[in-house]
Amino acid sequence: MSVYRDTEKMIKVHGRISSANVQPVIWCLEELGVEYERLDVGGPFGGNDTPGYLAMNPLGLVPVLEQDGQALSESATILRYLMRRYGGHPADPMAAAQIERWGDMSRQHIYTPLIPTIFWQTIRTPANERDNAAVASAAGVLRQSMQIVQDMIEGAFIGGDSLNLADFQIGSLLYRYYELEFERADLPGLRAYYDRLCDRPAYRDFVMIDFMGMKVPGA
Numbered sequence: 001m002s003v004y005r006d007t008e009k010m011i012k013v014h015g016r017i018s019s020a021n022v023q024p025v026i027w028c029l030e031e032l033g034v035e036y037e038r039l040d041v042g043g044p045f046g047g048n049d050t051p052g053y054l055a056m057n058p059l060g061l062v063p064v065l066e067q068d069g070q071a072l073s074e075s076a077t078i079l080r081y082l083m084r085r086y087g088g089h090p091a092d093p094m095a096a097a098q099i100e101r102w103g104d105m106s107r108q109h110i111y112t113p114l115i116p117t118i119f120w121q122t123i124r125t126p127a128n129e130r131d132n133a134a135v136a137s138a139a140g141v142l143r144q145s146m147q148i149v150q151d152m153i154e155g156a157f158i159g160g161d162s163l164n165l166a167d168f169q170i171g172s173l174l175y176r177y178y179e180l181e182f183e184r185a186d187l188p189g190l191r192a193y194y195d196r197l198c199d200r201p202a203y204r205d206f207v208m209i210d211f212m213g214m215k216v217p218g219a
């Protein structure tokens with residue numbers, strides 16, 4: 001795959017690689033072969049509350065993508081931009097929307113139960129303060145959502161034989177989905193899809209990031 005090199009339009013990504021929101025953006029850039037620079041921002045690195053950063057993203061969240069004097073925030077928005085500009089995202093509006101809807105679905109029905117609930121309760125919350133009912137409820141949502149994802153897999157990836165926007169948004173969450181300790185459904189098709197992602201160097205290097213260092217005492 002060719003590497004795009006345009007120094008005037010060089011991409012700069014602000015965000016720590018341990019962030020579940022930064023990982024899909026970096027994975028996407030790597031798979032597309034687009035040259036970029038990543039800066040450690042957020043979490044223990046700070047820097048996301050400065051006037052300059054807040055001018056790019058008033059919410060102070062990561063990631064932010066800078067290119068050609070402009071800034072984008074929200075990982076889903078950034079991914080759509082990258083795929084439209086570099087990744088062969090469908091030109092047909094309906095074909096593009098068919099892919100985008102699965103990524104949008106993942107935010108509410110996969111990311112929300114997995115990261116703010118299960119990840120936070122099992123890694124960032126001491127066990128004696130854990131909301132086990134919330135974890136169980138989130139696990140139930142994920143069982144239904146991941147069954148839908150399994151049904152969406154056609155060929156090697158979601159909806160076909162080549163990586164697309166939905167893979168970056170959904171696939172990037174599967175490492176934590178399989179590494180966190182909670183009750184998962186037995187979905188062999190989903191597991192096979194995850195195993196294929198694990199075979200990709202960019203996925204291993206930029207998504208399969210150990211998060212146990214984020215575990216609080218007593219969790």
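Counting from 1, one number per residue, gives the positions in the sequence shown under full-length UniProt numbering. Don't be surprised by glycine CBs; every beta carbon is placed ideally from N, CA and C.
Item checked: Proximal residues to M152 (C-beta, below 7 Å), its chain only, five neighbours per side dropped -> Apart from the 5 residues on each side of it in sequence, M152 sits with its Cβ closer than 7 Å to the Cβ of W102, I158 and G159 in its chain, given in chain order.
Next item on the list: Quick one: residues in its chain with C-beta nearer than 6 Å to the C-beta of G71, no 5 flanking neighbours on either side, listed in chain order?
Entry: Inspection of the sequence shows that residue 71 is occupied by Ala rather than by Gly. Excluding positions up to five away in sequence, the list reads M56 and V64.
Notebook entry, point to check: If you run the structure through DSSP and keep just helix, strand and coil, what is H89?
Noted result: Residue state for H89 is assigned as coil, using DSSP reduced to three classes.
Margin query: If contacts are defined as beta-carbon pairs under 8 Å, then R204 and C198 qualify, I think. What distance do you get, rounded to the angstrom?
Written below: Indeed, because the Cβ distance is near 6 Å, the residues count as touching under 8 Å.
Next item on the list: Could you say which of V216, E181, E35 and G189 lies nearest to Y86 if we only look at CA atoms?
Entry: Measuring from the Cα of Y86, the nearest candidate turns out to be E35.
Notebook entry, point to check: Whose C-beta lies closer than 8 Å to the C-beta of A76 among residues of the same chain, with five residues either side of it excluded?
Noted result: Same-chain partners within the cutoff: G103, D104, R107 and Q169.
Item checked: Cβ neighbours of L39 in the same chain (closer than 6 Å, five flanking residues each side left out) -> Once the five neighbours on either side are set aside, the close Cβ partners of L39 are H14.
Notebook entry, point to check: When DSSP labels each residue in this structure, what does F119 get in the three-state scheme?
Noted result: If DSSP states are grouped into helix, strand and coil, F119 belongs with the helices.
Next item on the list: Go through its chain and collect everything with a Cβ distance to L82's Cβ below 6 Å, but skip five positions before and after it.
Entry: Only C28 meet the Cβ criterion.
Checklist line | CA nearest to the CA of F182, picked from M212, H109 and I118 | finding: The residue with the shortest Cα to Cα distance from F182 is I118.
Note to self: Can you look up V3 in the DSSP assignment and give me helix, strand or coil?
What the structure shows: Note that V3 has pLDDT 45, beneath the 50 cutoff, so the model's placement of it is unreliable and the number below is only indicative. Three-state DSSP puts V3 in coil, outside helix and strand.
Next item on the list: Measuring alpha carbon to alpha carbon, tell me which of A96, S73, H109 and G47 ends up nearest L173.
Entry: Ranking the options by Cα distance to L173, first place goes to H109.
Checklist line | Integer-rounded CB distance, given that S73 should sit under 8 Å from L54 | finding: Contact flag wrong, Cβ pair sits at about 11 Å.
Next item on the list: Have a look at Y32 and R124 and give me their C-alpha separation to the nearest angstrom.
Entry: Residue 32 is actually Leu in this sequence, not Tyr. Computed Cα separation, rounded: 33 Å.
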